[in-house]
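Residue 168 in the UniProt record's numbering is what sits at position 168 of the sequence shown, and the numbering runs on without skipping anything. Since the structure comes first, as structure tokens, the remarks are kept for the end.
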Amino acid sequence: MSLNNSLYQAIMRHYDQIQAEDRRDQQIRIREIYDKIPEYGRIESDIVAACASAARQRALGTAGNVSSDSQALISSLREHTETLQSRQKELLREYGFPEDYADMRYQCPLCQDTGWHDGQKCRCFQAAVSAELAIHSNLGVLLEEENFSTFNLDYYPVEKDKKLGISPRRNMEDILDRCREFIRHFDDQPSNLFIYGKTGVGKTFLTHCIAKELLDQSKTVLYLTSFELIEIFETHTFGSPETSEDLSENALFDALMDCDALIIDDLGTEMTNTFTISQLFLCINERQLRKKSTIISTNLSLEEIQDIYSERIFARIISYYDILLLVGDDIRIRKALS
Numbered sequence: 001m002s003l004n005n006s007l008y009q010a011i012m013r014h015y016d017q018i019q020a021e022d023r024r025d026q027q028i029r030i031r032e033i034y035d036k037i038p039e040y041g042r043i044e045s046d047i048v049a050a051c052a053s054a055a056r057q058r059a060l061g062t063a064g065n066v067s068s069d070s071q072a073l074i075s076s077l078r079e080h081t082e083t084l085q086s087r088q089k090e091l092l093r094e095y096g097f098p099e100d101y102a103d104m105r106y107q108c109p110l111c112q113d114t115g116w117h118d119g120q121k122c123r124c125f126q127a128a129v130s131a132e133l134a135i136h137s138n139l140g141v142l143l144e145e146e147n148f149s150t151f152n153l154d155y156y157p158v159e160k161d162k163k164l165g166i167s168p169r170r171n172m173e174d175i176l177d178r179c180r181e182f183i184r185h186f187d188d189q190p191s192n193l194f195i196y197g198k199t200g201v202g203k204t205f206l207t208h209c210i211a212k213e214l215l216d217q218s219k220t221v222l223y224l225t226s227f228e229l230i231e232i233f234e235t236h237t238f239g240s241p242e243t244s245e246d247l248s249e250n251a252l253f254d255a256l257m258d259c260d261a262l263i264i265d266d267l268g269t270e271m272t273n274t275f276t277i278s279q280l281f282l283c284i285n286e287r288q289l290r291k292k293s294t295i296i297s298t299n300l301s302l303e304e305i306q307d308i309y310s311e312r313i314f315a316r317i318i319s320y321y322d323i324l325l326l327v328g329d330d331i332r333i334r335k336a337l338s
């Protein structure tokens, strides 16, 4: 899953739209001020004239060779402008407006709705990446159908599992409670989830439930299959001709490392080799260091994780992840018959 030109352009159009909305809203507020405070508009005209005069004086002199008279005039105009601006603020207060009512108001003050801050991609850019990927993967539509409100425990038998001594129904009730607890304490106690069990017991549905709740809380969520995860690793390391040069090959990788929640679905279905294993460890370890939550679902047992993905990855999972085992048989047959 690469963030190709079409996705990048969609994100840039998103920022263009936000900036247009910012300017439109500012103009609406300014017109409101002019209607209610005519003096404010007259002062604004005086400020524009003073700034134009100062600009002309600077243009008359060459760099480092502005006459003392021009310097004095520029200084006087600057003081005059500051006095006029102070009077505007007084007028706003007198009429019950905030002092900054005429200023531009950004949805993201950090980057001023550009997506970039101090030469780096802003946090809101990562949120935009997450949202755009959800749209293009149809995840948004899927989450409307698969979430906690549509989760049906009736598909899980009440008969106890002979080996574990607990019924699939009771097991899933406990797991749902733990997932809700994970979401409830997402901000104050960041943690990770490792969800495993047989094929068809509801692991992917459960990750959709978690994703929906976090997205509804305006968290940045990146939902990837293990295949898509490996594709990001490969593109970041080796490059891709389809990747936008403007965005660079690091954008999606950065989002992968820094999003609030990374959900890796169906770990173990991808091709594994020393490269993918080392990159997976890098991802898991780096996100742990950044205190970012990761949710992994897989058909593999913990023993198989240890055998396939190395002792280091296994150690991170058992040390830093809440382990959730879903018991029972494939419920898809029950769903099909219901």
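Note that the Cβ used here is the ideal one computed from N, Cα and C, for glycine as well.
Which partner residues does Val221 have in the DSSP bridge list?
-> Walking along the sequence shown from the start, residue 221 turns up at place 221. Val221 has Ala261 as its beta-bridge partners, per DSSP.
Top-ranked residue by Cα proximity to Arg29, from Ser310, Ser149, Ala127, Phe97 | Position 29 of the sequence shown holds residue 29. Comparing Cα positions, the closest option is Phe97.
Extent of the continuous alpha helix (DSSP H) to which Ile313 belongs | Here residue 313 refers to the residue found at position 313 when the sequence shown is read from its first residue. For Ile313, the enclosing alpha helix (DSSP H) stretches over residues 302-320.
Within its chain, find whatever has a CB closer than 6 Å to the CB of Leu229; leave out the 5 residues flanking it on each side and keep chain order.
-> Here residue 229 is taken as the residue at index 229 of the sequence shown, counted from 1. Here the set comprises Ile264.
N- and C-terminal bounds of the beta strand (DSSP E) containing Thr298 = Walking along the sequence shown from the start, residue 298 turns up at place 298. Its beta strand (DSSP E) spans residues 293-298.
Are Ile296 and Tyr155 closer than 7 Å when you measure CB to CB?
-> Here residue 296 is taken as the residue at index 296 of the sequence shown, counted from 1. Here residue 155 is taken as the residue at index 155 of the sequence shown, counted from 1. In this structure, Ile296 lies away from Tyr155, with their beta-carbon atoms at least 7 Å apart.
Is it right to say Glu146 is buried, meaning 16 or more other beta carbons lie within 10 angstroms of its own, or is it exposed?
-> Position 146 of the sequence shown holds residue 146. A residue is called buried when at least 16 other Cβ atoms come within 10 angstroms of its Cβ; Glu146 meets this threshold and is buried.
Look at the alpha carbon of Met1 and the alpha carbon of Asp103, and state the distance between them as a whole number of angstroms.
-> Taking the first residue of the sequence shown as position 1, residue 1 is located at position 1. Taking the first residue of the sequence shown as position 1, residue 103 is located at position 103. Annotation note: pLDDT 42 at Met1 (below 50); position unreliable, coordinate value reported separately. Rounded to the nearest whole angstrom, the C-alpha separation of Met1 and Asp103 is 40 Å.
Buried versus exposed, by CB contacts within 10 Å (16 or more), Tyr223 | Sequence index remark: in the sequence shown, residue 223 carries index 223 (1-based). The residue in question, Tyr223, is buried, as its Cβ has 16 or more Cβ neighbours within 10 Å.
Sequence-distant residues of its chain with Cβ nearer than 6 Å to Gln288 (five each side left out) = By one-based count along the sequence shown, residue 288 stands at place 288. These residues qualify, in order along the chain: Tyr320.
Check whether the Cβ atoms of Ile308 and Phe194 sit closer than 7 Å, and answer yes or no.
-> Translated into the one-based positions of the sequence shown, residue 308 becomes position 308. Translated into the one-based positions of the sequence shown, residue 194 becomes position 194. Contact annotation: Ile308 and Phe194 have beta-carbon atoms that are not nearer than 7 Å.
The segment 251-271 / the segment 113-127 touching (three or more Cβ pairs under 8 Å) | With the rule of 3 Cβ pairs closer than 8 Å, the segment 251-271 counts as touching the segment 113-127.
Assuming Leu214 contacts Ile232 (C-beta within less than 8 Å), just tell me the rounded distance between them.
-> Translated into the one-based positions of the sequence shown, residue 214 becomes position 214. Translated into the one-based positions of the sequence shown, residue 232 becomes position 232. About 20 Å; that fails the 8 Å criterion.
Considering only the beta carbon of each residue, do Ser310 and Ile277 sit closer than 7 Å?
-> Counting from 1 along the sequence shown, the entry for residue 310 is found at position 310. Counting from 1 along the sequence shown, the entry for residue 277 is found at position 277. In this structure, Ser310 lies near Ile277, with their beta-carbon atoms less than 7 Å apart.
Within the same chain, show all residues whose beta-carbon is closer than 6 Å to that of Tyr101, passing over the 5 residues directly before and after it, in chain order.
-> Within the sequence shown, residue 101 is the residue found at index 101, counting from 1. Within the same chain, Cβ atoms closer than 6 Å to the Cβ of Tyr101 are found at Arg29, Leu92, the five residues on either side in sequence being excluded.
Tell me, which residues are paired with Phe194 by DSSP?
-> Position 194 of the sequence shown holds residue 194. Phe194 pairs with Ile296, Ile323.
Bridge partners of His117, per DSSP?
-> Start at 1 with the first residue of the sequence shown, and residue 117 comes out as number 117. His117 is bridged to Gln120.
What residue ranges within the segment 72-160 form continuous alpha helix (DSSP H) runs of no fewer than 4 residues, ordered along the chain?
-> Complete alpha helix (DSSP H) runs here, min 4: 123-136, 139-145.
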